[in-house]
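Novice: When we follow this note's numbering, the leftmost residue of the sequence shown carries the number -11, and every step to the right adds one. The structure's right below; bear with me while I get my questions together.
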Amino acid sequence: MLLAIDMGNTNITLGAYKGDELVFVSRLYTSRHKSSDEYAIDLLDIFNLYSVSPSDFSGCVFASVVPELTQAVSQAVKRTVGIEPVIVGGENYGELKVEILPVSYLGADLIAGAVGAREKYPLPCLVCDLGTATKILVIDKDGTFRGCTISPGVKVSLDALARNAALLPSISFTTPKKAIGENTTECMQSGIVFGTAAMLDGMIKRIRNELGYDKCTLVATGGYSTGIIPCCEEEIIYDENLLLDGLKAIYERAE
């Protein structure tokens, strides 16, 4: 089996593949205060939860956007499954053709998302990754990663409003019924949800125009996608496990 780990700023997503079958997906909260031993305990608990033995794994691929935790989680993998993980990033970007320079600056999450899109969908393709940050990845018709856009994520925006505006409260992420809010909570929800959806629609149109394409495959992934994508005017495919599938493809090319 292959263990794929995608470590973001908010969550760590783990996927276990048996051949092409995704056996399980599990998530941990990204804690910058945990030691490698504590992460090892977390991994063992997850394996036990899904009735999987550490000895079942013959490989591991790992993408991290939290550099200070990369070594701790890598050590946790080695202590639990006895395998040195393949680290995505730096010079290892899964044979992805990249136009931006320097390539070493390309984030591991961007690499995994771009490779996943290239492997699974018709090109050209734009990937909307809605997590801690809201990103749009651009893969052109030749499969080349052309760059991306990065803006504050849904929760980051909500937290910033509550923190910096004295009269605005902390609210939950909920899709409102209409654009015109009638109380503070509805107004904030409308601005965040419909505003993010409109931003994606507008950026997709702008990117298509820059590339000179009439059509692009549009794919969304990330924790906030299910609340935002239905509010977009563009037809966007939701793919929950796009980054994990991209990591699997990178690992298979690295063998």
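Beta carbons are placed, not taken as given, at the ideal position from N, Cα and C, and that holds for glycine.
1) Tell me which residue opens and which closes the alpha helix (DSSP H) that Val53 is part of.
2) Keeping to the same chain, check which residues put their C-beta closer than 8 Å to that of Ala60; ignore five residues upstream and five downstream.
3) Just to confirm before moving on: does the CB-CB distance between Glu228 and Val13 stay below 9 Å?
4) Roughly how many whole angstroms lie between the Cα atoms of Glu9 and Asp130?
5) So Gly95 packs on Thr120, CB below 8 Å; how close in whole Å?
6) So the candidates are Val53, Ser139, Thr205, Ala148; which of them puts its Cα closest to the Cα of Leu114?
7) If you follow the alpha helix (DSSP H) that Tyr239 is part of, which residue opens it and which one closes it?
8) With DSSP as the reference, please indicate the residues paired to Met(-5) in a beta bridge.
9) Can you name the start and end residues of the beta strand (DSSP E) that Ile124 belongs to?
10) Is Glu228 near the ligand HEM - that is, is its Cβ less than 8 Å away from at least one heavy atom of it?
11) Using CA atoms only, rank isn't needed, just tell me which of Gly82, Phe161, Pro55 is closest to Gly104.
12) When you compare only the Cα positions, how much space is there between Asn(-3) and Asp147?
13) Determine, using beta carbons only, whether Thr172 and Ile216 come nearer to each other than 9 Å.
14) Please classify Asp30: does DSSP put it in a helix, a strand, or coil?
15) So, is Lys123 buried or exposed, given that buried needs 16 or more other C-beta atoms within 10 angstroms?
16) Would Leu118 and Ser213 be called neighbours here (beta carbons separated by less than 9 Å)?
17) Between Ser158 and Glu243, what straight-line distance do the alpha-carbon atoms span, to the nearest angstrom?
18) Is it true that the CB of Phe35 sits closer than 9 Å to the CB of Thr1?
19) Give, in chain order, every unbroken run of the beta strand (DSSP E) that is at least 3 residues long and sits entirely within the region 77 to 118.
20) Check Val40 in the structure and name its three-state DSSP category.
21) Given this structure, state the Cα-to-Cα distance separating Gly77 from Val91, to the nearest angstrom.
22) Alpha carbon to alpha carbon, how far is Arg15 from Leu(-9)? Give it in angstroms, no decimals.
23) Measure the Cβ-Cβ separation of Ala102 and Phe133 and say whether it is below 9 Å.
24) Just how far apart, CA to CA, sit Ile71 and Val49?
25) So, is Ala5 buried or exposed, given that buried needs 16 or more other C-beta atoms within 10 angstroms?
Specialist: Based on what the coordinates show:
1) Annotation: Val53 is outside any alpha helix (DSSP H) and is labelled neither H nor E by DSSP.
2) Cβ within range, chain order: Lys22, Ser23, Ser24, Tyr27.
3) For Glu228 and Val13, yes; Cβs fall inside 9 Å.
4) C-alpha separation (whole angstroms): 28 Å.
5) Actually they do not touch by this definition, with Cβ atoms about 12 Å apart.
6) Nearest option by C-alpha distance: Thr205.
7) Tyr239: member of the alpha helix (DSSP H) spanning 230 to 242, first to last residue.
8) According to DSSP, Met(-5) bridges with Ile0, Ser52.
9) Looking at the DSSP string, the run of the beta strand (DSSP E) that includes Ile124 is 121 to 127.
10) The ligand HEM is not among the ligands present in this structure, which contains no ligands whatsoever.
11) Gly104 has its Cα closest to that of Gly82, out of Gly82, Phe161, Pro55.
12) So the alpha carbons of these two residues sit roughly 15 Å apart.
13) No, the pair does not count as a contact, with Cβ atoms beyond the cut-off.
14) In the structure shown, Asp30 sits in a helix (DSSP, three-state: H, G or I).
15) Lys123 is buried by the Cβ-count criterion.
16) Yes, they are a contact pair.
17) Cα to Cα, Ser158 sits roughly 47 Å from Glu243.
18) The beta carbons of Thr1 and Phe35 sit no closer together than 9 Å.
19) Those beta strand (DSSP E) runs which fall completely within the region 77 to 118 and span 3+ residues are 113 to 118.
20) It is coil, neither helix nor strand.
21) Cα-Cα distance, rounded: 9 Å.
22) The alpha-carbon atoms of Leu(-9) and Arg15 are separated by roughly 13 Å.
23) Using a Cβ distance threshold of 9 Å, Ala102 and Phe133 count as a contacting pair.
24) Rounded to whole angstroms, Ile71 and Val49 show a C-alpha spacing of 10 Å.
25) It should be noted that the sequence gives Tyr, not Ala, for residue 5. By the 10 Å Cβ count, Tyr5 comes out buried.
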